[in-house]
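Notes for the one structure printed next.
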Amino acid sequence: MRPLLALFVCAGSAWAGDLSVGFAEADVTPKLDAGKPVYIAGFGHNRKATKVHDPILARAIVLSDGKTKVALVCVDVVGLFNAVAGSVRKQVTGFDYVCVSSTHNHEGPDTLGLWGASPFVSGVDKEYMKAVEAGIVKAIQDADKKLTKVTARVGTASAPELLTDNREPYVKHDELVAIRFEGADGKPVGVLVQ
Numbered sequence: 002m003r004p005l006l007a008l009f010v011c012a013g014s015a016w017a018g019d020l021s022v023g024f025a026e027a028d029v030t031p032k033l034d035a036g037k038p039v040y041i042a043g044f045g046h047n048r049k050a051t052k053v054h055d056p057i058l059a060r061a062i063v064l065s066d067g068k069t070k071v072a073l074v075c076v077d078v079v080g081l082f083n084a085v086a087g088s089v090r091k092q093v094t095g096f097d098y099v100c101v102s103s104t105h106n107h108e109g110p111d112t113l114g115l116w117g118a119s120p121f122v123s124g125v126d127k128e129y130m131k132a133v134e135a136g137i138v139k140a141i142q143d144a145d146k147k148l149t150k151v152t153a154r155v156g157t158a159s160a161p162e163l164l165t166d167n168r169e170p171y172v173k174h175d176e177l178v179a180i181r182f183e184g185a186d187g188k189p190v191g192v193l194v195q
């Protein structure tokens, strides 16, 4: 983890214009006692969750310069369809851009319908997907409410061991980039890592 340490010790340029940032998260972990199976995405069919190791989160950051407001949110699931992102965009107002992404977690609930009881049965729980969407919206709205003026510090480090591309065409960018947002007191408000 030396490259990450170098990012914060040797943080490069700072930007302190009219930048505000807010961070928030929402827990979207499925309930395992709901009387129906939670199918796990990736690595075969009919894998049912038996316990929760870590919560499934929707993490959001909202950035604004007073003219443009952007929301970035990432969910700890294998993937999300564009329809989910489109629905989220309709529910949050006042944003110029909303980016919804996923971590591609192969040990979380099936959100794409590929890992049900068999190859011919979807593993998606429609009620759970509504809860995921509501969690994404809540995380964005909560981050928006927490907007605070910040200075942004950008740091980079060479980190080829952390960044990979394992399919053709191989496009590899060996530089890890992080942005640390500091409040007026110089204390960190949050960090955005590539």
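Position 139 of the sequence shown, counting from 1, maps to 140 under the working numbering, and the rest follow consecutively. Virtual Cβ for every residue (Gly too), placed ideally from N, Cα, C.
Measure the alpha-carbon distance for residue i versus residue j and round it to whole angstroms.
i	j	result
glutamine 92	alanine 140	12 Å
arginine 168	tryptophan 116	23 Å
valine 138	glutamate 176	31 Å
alanine 153	proline 120	47 Å
leucine 163	alanine 185	32 Å
serine 21	asparagine 47	45 Å
valine 194	valine 155	10 Å
valine 99	glycine 36	34 Å
isoleucine 57	aspartate 28	6 Å
glycine 191	lysine 147	12 Å
threonine 149	lysine 68	15 Å
What three-state label does DSSP hand residue i in the structure shown?
i	result
glycine 136	helix
isoleucine 62	strand
glycine 23	strand
tyrosine 129	helix
valine 192	strand
alanine 144	helix
serine 123	coil
valine 76	strand
valine 93	coil
Which residue or residues does DSSP assign as beta-bridge partners of residue i?
i	result
proline 110	Ile41
glutamate 176	Ser159
glycine 187	Partner(s): none; glycine 187 has no beta bridge.
threonine 51	The partner list for threonine 51 (beta bridge, DSSP) is empty, contrary to what the question assumes.
lysine 32	Bridge partners of lysine 32: none, in fact.
Looking at residue j and residue i, is the spacing between their C-beta atoms short of 8 Å?
i	j	result
aspartate 77	threonine 104	yes
isoleucine 62	alanine 144	yes
aspartate 97	glycine 18	no
valine 101	alanine 86	yes
Cβ contact check for the region 100 to 115 and the region 26 to 42: 3 or more pairs under 8 Å: Touching, per the Cβ criterion.
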